[in-house]
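Structure record follows, encoded as structure tokens.
Residue numbers (this note's numbering): 15 to 207.
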């Protein structure tokens with residue numbers, strides 16, 4: 015999504031040549047019938063901005079509006095980050111580490127359950143289903159959540175028990191006997207391999 019802070023300008027323009035009418039819907043209750051212009055979001059949030067041409071064709075795109083950066087007088091704060099792979103296998107234990115100099119409290123949501131999944135600086139999670147997930151980390155020092163995208167690939171299919179059947183002692187001796195008989199016959203026939 016496009017990222018802005020509250021009060022930042024979102025410029026918009028429709029360059030389609032076939033449209034007779036257009037309507038911009040900014041997802042925050044404000045609309046515009048203009049071909050181009052600027053819009054300001056007043057509150058933080060996730061907005062779906064759409065342009066509707068001739069009341070028929072719609073194009074939408076997401077906009078993430080943050081609360082903005084507050085000025086810190088003493089020192090500039092470095093935002094926390096997530097150290098984790100961008101791809102893993104289904105049912106594999108995946109390690110996630112929060113990189114933060116000042117944070118003491120950590121809350122992880124791995125995007126599969128919708129619940130809080132861990133509360134440590136270093137967390138492990140095994141995704142039960144394949145797909146794309148957004149891992150979200152909340153800390154006590156970051157104003158905005160930290161996000162990390164991970165792709166979970168399907169695990170290998172389990173083999174049927176019939177395919178993995180363990181040979182019995184009788185089966186093993188039978189194979190040895192058959193092999194011995196085969197080689198004796200080869201010698202008797204004058205074939206020495």
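Glycine included, every Cβ here is placed at the ideal spot set by N, Cα and C.
Residues bridged to residue i [DSSP beta-bridge criterion]
i          : result
residue 65 : 38, 73
residue 96 : 112
residue 11 : Residue 11 cannot be examined here, being either before or after the span of the chain that is shown, 15 to 207.
residue 46 : 38
Backbone secondary structure at residue i - three-state DSSP
i           : result
residue 184 : helix
residue 195 : helix
residue 202 : helix
residue 130 : coil
Residue from the options whose Cα sits closest to the Cα of residue i
i           : options            : result
residue 127 : 50, 101, 149, 64   : 149
residue 69  : 34, 194, 184       : 34
residue 92  : 201, 185, 55, 160  : 160
residue 32  : 22, 49, 179        : 49
residue 29  : 66, 108, 55        : 66
residue 25  : 54, 39, 170        : 54
residue 134 : 147, 142, 140, 111 : 111
residue 81  : 72, 71, 60, 97     : 60
residue 3   : 21, 181, 136       : Within the shown structure, residues of the chain are numbered from 15 to 207, placing residue 3 beyond reach of any answer.
residue 170 : 154, 144, 153      : 144
Start and end residues, beta strand (DSSP E) containing residue i
i           : result
residue 54  : 50 to 54
residue 145 : 145 to 153
residue 26  : 23 to 27
residue 123 : 120 to 123
residue 165 : 160 to 167
residue 18  : 16 to 19
residue 31  : Neither: residue 31 is in no beta strand (DSSP E) and is coded neither H nor E.
residue 102 : 101 to 103
residue 139 : 136 to 140
Buried or exposed (CB count within 10 angstroms, at least 16 for buried), residue i
i           : result
residue 198 : exposed
residue 74  : exposed
residue 51  : exposed
residue 167 : exposed
residue 124 : buried
residue 147 : buried
residue 141 : buried
residue 201 : exposed
residue 114 : buried
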